[in-house]
Amino acid sequence: AQKVTQAQTEISVVEKEDVTLDCVYETRDTTYYLFWYKQPPSGELVFLIRRNSFDEQNEISGRYSWNFQKSTSSFNFTITASQVVDSAVYFCALSEAGGTSYGKLTFGQGTILTVHP
Amino acid sequence: DSGVTQTPKHLITATGQRVTLRCSPRSGDLSVYWYQQSLDQGLQFLIQYYNGEERAKGNILERFSAQQFPDLHSELNLSSLELGDSALYFCASRTGRGGSTDTQYFGPGTRLTVL
Numbered sequence: 056a057q058k059v060t061q062a063q064t065e066i067s068v069v070e071k072e073d074v075t076l077d078c079v080y081e082t083r084d085t086t087y088y089l090f091w092y093k094q095p096p097s098g099e100l101v102f103l104i105r106r107n108s109f110d111e112q113n114e115i116s117g118r119y120s121w122n123f124q125k126s127t128s129s130f131n132f133t134i135t136a137s138q139v140v141d142s143a144v145y146f147c148a149l150s151e152a153g154g155t156s157y158g159k160l161t162f163g164q165g166t167i168l169t170v171h172p
Numbered sequence: 034d035s036g037v038t039q040t041p042k043h044l045i046t047a048t049g050q051r052v053t054l055r056c057s058p059r060s061g062d063l064s065v066y067w068y069q070q071s072l073d074q075g076l077q078f079l080i081q082y083y084n085g086e087e088r089a090k091g092n093i094l095e096r097f098s099a100q101q102f103p104d105l106h107s108e109l110n111l112s113s114l115e116l117g118d119s120a121l122y123f124c125a126s127r128t129g130r131g132g133s134t135d136t137q138y139f140g141p142g143t144r145l146t147v148l
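Keeping their order, the protein sequence lines are chains A and B.
FYI, the numbering for the first sequence is 56 to 172, going by the working numbering.
FYI, the numbering for the second sequence is 34 to 148, going by the working numbering.
Structure (structure tokens):
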């Protein structure tokens, strides 16, 4: 069975601080996909990134960066120079690459990030 | 805007009632997923359809059912509603054709309140 664990339930930072959100996953699949989604106070789920299990290259997009380490089954998300608009709930998710539940997302419990001005 | 639409945005009803939530996927997406987000269970997968056929079931109650129509929109039917069914229900769609960019995009959700 797949499982995603986000150990940090809540994180509070002051604007301009860097913050890292941890994500650890479990799967028996050799091929899988990892995702981060953002849920701002308005409630919608916004896709941020997808990473394939065979691609361990880290990625940077503006102030966002992701560190994927297959050896430790982790897919951590860092926000550099955080801003108040980054305040949201962030979800890490995992999906299988095949089988009958192809594409189904297993979500972590989410991390509530609050950025104070 | 993800391109996935859901109606209604809010729904308030009473226990024992039946409601229908509607989802229109992004243009060209064949696969539709339904998820439930509640405080105690978090975000949970309910059911998946691909081009009109049911493909996978998650933790979906027997009181709940869904279908995907020929025009690819989907409906989630919730019956004999209980207080515990109050939640945010999301629909997501994906092209379903595979590939590195075949990602689920979510609609804005329907917030169901059962009184």
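Ideal Cβ placement from N, Cα and C applies to all residues, glycine included.
Bear in mind the structure is a predicted one, so any value in this text is a computation, not a measurement.
Could you tell me the distance, in whole angstroms, from the CA atom of residue i to the CA atom of residue j?
i, j, result
"L94 (chain B)", "G98 (chain A)", "24 Å"
"I80 (chain B)", "F162 (chain A)", "15 Å"
"E65 (chain A)", "T75 (chain A)", "12 Å"
"L116 (chain B)", "I134 (chain A)", "38 Å"
"P95 (chain A)", "F123 (chain B)", "15 Å"
"S107 (chain B)", "F90 (chain A)", "24 Å"
"S142 (chain A)", "E70 (chain A)", "10 Å"
"F109 (chain A)", "S128 (chain A)", "13 Å"
"E151 (chain A)", "A47 (chain B)", "37 Å"
"S124 (chain A)", "E111 (chain A)", "As written in the sequence, residue 124 (chain A) is Gln, which differs from the Ser given in the question. The alpha-carbon atoms of Q124 (chain A) and E111 (chain A) are separated by roughly 7 Å."
"S126 (chain A)", "E81 (chain A)", "12 Å"
"N92 (chain B)", "Y68 (chain B)", "9 Å"
"C56 (chain B)", "G140 (chain B)", "8 Å"
"V140 (chain A)", "L105 (chain B)", "35 Å"
"D73 (chain A)", "Q101 (chain B)", "44 Å"
"Y82 (chain B)", "G129 (chain B)", "10 Å"
"C78 (chain A)", "Q74 (chain B)", "18 Å"
"Y119 (chain A)", "F132 (chain A)", "7 Å"
"W121 (chain A)", "V68 (chain A)", "19 Å"
Once DSSP output is grouped into helix, strand and coil, what is the label at residue i?
i, result
"V37 (chain B)", "coil"
"G75 (chain B)", "strand"
"S126 (chain A)", "helix"
"L100 (chain A)", "coil"
"L116 (chain B)", "helix"
Is residue i close to chain E, meaning its C-beta is less than 9 Å from at least one C-beta of that chain?
i, result
"V101 (chain A)", "The structure shown contains no chain E; its protein chains are A and B."
Kindly give me the distance between the Cβ atoms of residue i and residue j, rounded to whole angstroms, as I take these residues to be in contact under 8 Å.
i, j, result
"L109 (chain B)", "N84 (chain B)", "About 17 Å separates the two Cβ atoms, so there is no contact after all."
"G49 (chain B)", "S98 (chain B)", "Their Cβ separation, rounded to whole angstroms, is 17 Å, which puts G49 (chain B) and S98 (chain B) out of contact at 8 Å."
"F146 (chain A)", "Y87 (chain A)", "Their Cβ separation, rounded to whole angstroms, is 16 Å, which puts F146 (chain A) and Y87 (chain A) out of contact at 8 Å."
"V52 (chain B)", "L111 (chain B)", "5 Å"
"T143 (chain B)", "Q70 (chain B)", "Going by Cβ atoms, the distance from T143 (chain B) to Q70 (chain B) rounds to 11 Å, so no, they are not a contact pair."
"Q57 (chain A)", "Q164 (chain A)", "Not really, about 14 Å apart at Cβ, beyond 8 Å."
Decide if residue i is buried, meaning its Cβ has at least 16 other Cβ atoms within 10 Å, or exposed.
i, result
"A120 (chain B)", "buried"
"L100 (chain A)", "buried"
"V147 (chain B)", "buried"
"A125 (chain B)", "buried"
"T166 (chain A)", "buried"
"P41 (chain B)", "exposed"
"S116 (chain A)", "exposed"
"L72 (chain B)", "exposed"
"D118 (chain B)", "buried"
"G36 (chain B)", "exposed"
"K159 (chain A)", "buried"
"S137 (chain A)", "buried"
"R96 (chain B)", "exposed"
"P172 (chain A)", "exposed"
"P103 (chain B)", "exposed"
query = Going along the segment 105 to 117 of chain A in order, which residues come within less than 9 Å of chain B, judged by CB to CB distance?
reply = R105, N107, D110
task = Return the residues of the segment 110 to 142 of chain B that lie within a Cβ-Cβ distance of less than 7 Å from chain A, sorted by chain order.
result = L121, F123, R127, S133, T136, Q137, Y138, F139, P141, G142
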